[in-house]
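Under numbering that gives the first Met the number 0, the sequence shown has 181 at position 182, and the numbering climbs by one with no breaks.
Ideal Cβ placement from N, Cα and C applies to all residues, glycine included.
Owing to the predicted nature of the structure, the values given are computational and were not obtained by experimental measurement.
Below: the structure, in structure tokens.
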Amino acid sequence: MIPLGTSDLAIDLGTSNTLVVVRGRGIVVDEPSVVAVERMGGAQRVVAIGHDAKQMVGRTPENIEAIHPIQDGVIVDFDLAEALLKSCIERALGARPFVKPRIVVCVPNRLQDVERRAIQEAARAAGAREVYLVGKPIAAAIGSQLPIERPLGNMVIDVGGGTTEVGIISLGGSVVTRCAQIGGKHFDNAITSWIRDRHNVLVGSRTSEDTKLKVGCAVSAEGSKTARVTGRDLSSGIPREIEVTSDDVSEALRECLEQIVECLRATLKESPPELAADIIDQGLVMCGGSALLPGLDRYLRDRTGLPIVLSEDPRRSAALGAGKLLEDQTTLSRVAL
Ligand SMILES: Nc1ncnc2c1ncn2[C@@H]1O[C@H](COP(=O)(O)OP(=O)(O)OP(=O)(O)O)[C@@H](O)[C@H]1O
Ligand SMILES: [Mg+2]
0 MIPLGTSDLA
10 IDLGTSNTLV
20 VVRGRGIVVD
30 EPSVVAVERM
40 GGAQRVVAIG
50 HDAKQMVGRT
60 PENIEAIHPI
70 QDGVIVDFDL
80 AEALLKSCIE
90 RALGARPFVK
100 PRIVVCVPNR
110 LQDVERRAIQ
120 EAARAAGARE
130 VYLVGKPIAA
140 AIGSQLPIER
150 PLGNMVIDVG
160 GGTTEVGIIS
170 LGGSVVTRCA
180 QIGGKHFDNA
190 ITSWIRDRHN
200 VLVGSRTSED
210 TKLKVGCAVS
220 AEGSKTARVT
230 GRDLSSGIPR
240 EIEVTSDDVS
250 EALRECLEQI
260 VECLRATLKE
270 SPPELAADII
280 DQGLVMCGGS
290 ALLPGLDRYL
300 RDRTGLPIVL
310 SEDPRRSAAL
320 GAGKLLEDQT
330 TLSRVAL
């Protein structure tokens with residue numbers, strides 16, 4: 000078998016962010032998964048990708064739209080996902096790589112055949128020579144330094160932008176996996192709804208995300224912070240400023256957080272008893288951008304009784320794990336879906 004070369008890439012094509020690892024160089028691209036397109040008649044033209052496109056969300060004129068081509072972990076707009084992948088590959092390797100790269104892509108575990116084909120085709124169309132798909136929980140477990148090859152229950156939860164993926168891994172394979180359509184975007188929507196219901200003020204998704212990042216927490220705690228938030232008063236139509244506290248956010252997020260608890264419980268219920276015993280003993284590792292929500296570890300520990308350990312670099316665990324697989328063809332061939 001030909002060894003993987005230096006231009007090989009690992010890509011975590013997430014709902015919120017796309018990360019690219021170049022073998023031997025680490026993470027070289029970390030951009031929002033957003034593509035801005037201008038529509039002219041029936042045609043469309045890509046005008047910005049990544050950070051530049053995210054800046055446009057909620058601020059675009061009528062003919063420009065900022066689109067998330069990946070939603071809940073799967074491609075919903077094939078052409079724009081391909082454009083996003085192409086731009087990431089170009090940023091990583093230059094416009095005309097000497098050899099076409101092999102690419103490892105992190106994907107949700109329960110991928111339908113058509114979704115699997117869509118990702119493979121988008122990666123090939125964007126310049127890949129060979130495409131390997133790896134489940135996110137296993138990639139995240141490797142990126143979090145879990146000893147996945149041992150005969151031991153390793154549990155990981157990845158709370159991302161659009162999905163929560165949970166996996167129990169032993170002897171290098173996923174034994175149980177589960178996914179819930181809940182992530183940071185749903186947190187943002189819950190904050191928008193809470194503000195509308197409580198204050199009769201409408202805020203955009205960027206404002207609710209900013210509020211979450213500034214004062215968000217999973218459990219009401221001492222040192223509650225306050226954010227000033229401006230939205231449109233739904234009665235007068237005029238902009239109005241309100242105050243939102245950490246306690247408000249934890250109240251707004253309660254339902255979302257309970258869905259994550261439910262996903263954890265359901266995964267454990269399906270687990271063979273020996274592996275469940277290992278997990279109760281050693282706990283589980285949490286990663287994904289939303290794992291950074293202050294107090295989420297404590298919330299999940301209190302609600303499930305499981306010890307929760309935050310991964311060292313939660314936002315980047317899956318990408319780093321997929322990157323490690325570029326160095327280890329044997330494990331890659333074994334874990335590829
Ligand atoms: N400090 C923080 N506190 C709370 N949430 C955060 C923090 N930092 C990032 N996030 C949230 O993390 C989410 C993005 O996480 P991540 O990059 O893991 O998602 P993704 O991999 O693109 O999505 P998915 O895996 O669901 O397809 C966003 O909703 C963002 O608001
Ligand atoms: Mg992710």
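Where does residue i fall in DSSP's three states?
| i | result |
| --- | --- |
| I181 | coil |
| G322 | helix |
| C105 | strand |
| I237 | coil |
| E37 | strand |
| L18 | strand |
| G8 | Note that residue 8 is Leu in the sequence shown, not Gly. Here L8 sits in strand by DSSP. |
| F201 | Correcting the residue identity first, residue 201 is Leu in this sequence and not Phe. If DSSP states are grouped into helix, strand and coil, L201 belongs with the strands. |
| S143 | coil |
| V248 | helix |
| G49 | coil |
| C216 | coil |
| S316 | helix |
| A138 | helix |
| L291 | helix |
| L331 | helix |
| T162 | coil |
| G13 | coil |
| A117 | helix |
| S192 | helix |
| A91 | helix |
| R302 | helix |
| R128 | coil |
| L386 | A question about residue 386 goes unanswered here, because the residues of the chain that appear run from 0 up to 336. |
| T59 | coil |
| Q43 | strand |
| S310 | coil |
| R340 | The structure shown does not extend to residue 340, since the chain is modelled only from 0 to 336, so the question has no answer here. |
| L283 | strand |
Output yes or no for whether 9 Å exceeds the beta carbon distance between residue i and residue j.
| i | j | result |
| --- | --- | --- |
| I278 | L267 | yes |
| L283 | L263 | yes |
| A125 | F77 | no |
| S179 | E261 | In the sequence as presented, Ser is not what sits at residue 179; that position holds Ala. Against a cut-off of 9 Å, the Cβ pair of E261 and A179 comes out as a contact. |
| L83 | G49 | yes |
| T163 | G304 | no |
| V158 | I181 | yes |
| V36 | I74 | no |
| A42 | G152 | no |
| V45 | C87 | no |
| L292 | F186 | yes |
| V200 | R239 | yes |
| S249 | G160 | no |
| D246 | S223 | yes |
| I190 | G215 | yes |
| M55 | V155 | no |
Would you please state the rounded distance, in angstroms, between the beta carbons of residue i and residue j? I believe it to be under 8 Å.
| i | j | result |
| --- | --- | --- |
| V106 | L79 | Between L79 and V106 the Cβ distance is about 18 Å, and since that is not below 8 Å, they are no contact. |
| K135 | N108 | 7 Å |
Determine, for residue i, whether the minimum Cβ-Cβ distance to residues of chain B falls below 9 Å.
| i | result |
| --- | --- |
| A275 | Note that chain B does not occur in the displayed structure, where there is just one protein chain. |
Residues surrounding ligand 2 [beta-carbon distance to nearest heavy atom under 5 Å]: G13 and G159
Stretch pair the region 13-31 + the region 313-330: three plus CB contacts closer than 8 Å: yes
Three or more C-beta pairs below 8 Å linking the region 141-149 and the region 223-238: no
The region 94-112 contacting the region 32-42, beta-carbon criterion three pairs below 8 Å: no
Meets three-Cβ-pair contact criterion under 8 Å: the region 132-142 and the region 321-334: yes
Given 8 Å, three or more beta-carbon pairs between the region 162-182 and the region 190-205: no
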